[in-house]
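Comments concern the structure below.
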Amino acid sequence: MLNVKIDRVEEQGEQLVVYVPKDQVAKAIGAGGCVVRSVERVLNRKLSIKEST
645 MLNVKIDRVE EQGEQLVVYV PKDQVAKAIG AGGCVVRSVE RVLNRKLSIK
695 EST
C-alpha cells in the first residue's frame, strides 16, 4: 500500500481490516489484488481493504 493514507486498522480474529480513503481503495488493493496478496503472504494473515467513513 505504497503512498496510501491508512485511516485505521482493526483486527477481527485472523483478519486485518484496513480503512483507507475512498479515492485510494484501488491503489491500496493494487492491480489484480497484487498488493493485498503480497501483504497476506508477508503477514500470514487475511487482509481486507475498506473505505473509511
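Per my numbering, the sequence shown starts with residue 645, numbered consecutively. Every residue, glycine too, gets a C-beta built ideally from N, C-alpha and C.
Open item on the list: Tell me the residue span of the alpha helix (DSSP H) that contains residue 650.
Closed with: Position 6 of the sequence shown holds residue 650. Here residue 650 belongs to no alpha helix (DSSP H), and DSSP marks it neither H nor E.
Open item on the list: Only counting the same chain, and skipping five residues up and downstream in sequence, which positions put a Cβ closer than 6 Å to that of residue 648?
Closed with: Here residue 648 refers to the residue found at position 4 when the sequence shown is read from its first residue. Result list for residue 648: 664, 668, 671 and 672, in chain order.
- [ ] Throw me the rounded Cβ distance for the residue 653 and residue 646 pair, which I believe falls under 8 Å.
- [x] Here the question's residue 653 lines up with position 9 in the sequence shown. Here the question's residue 646 lines up with position 2 in the sequence shown. Contact flag wrong, Cβ pair sits at about 16 Å.
- [ ] Pull up the distance between the alpha-carbon of residue 662 and that of residue 697, whole angstroms please.
- [x] Start at 1 with the first residue of the sequence shown, and residue 662 comes out as number 18. Start at 1 with the first residue of the sequence shown, and residue 697 comes out as number 53. Approximately 12 Å between the Cα atoms of the pair.
- [ ] Just grab the DSSP bridge partners of residue 660 for me.
- [x] As a first step, residue 660 must be located in the sequence shown, where it is residue number 16. For residue 660, which the question treats as bridged, DSSP gives the partners 655 and 691.
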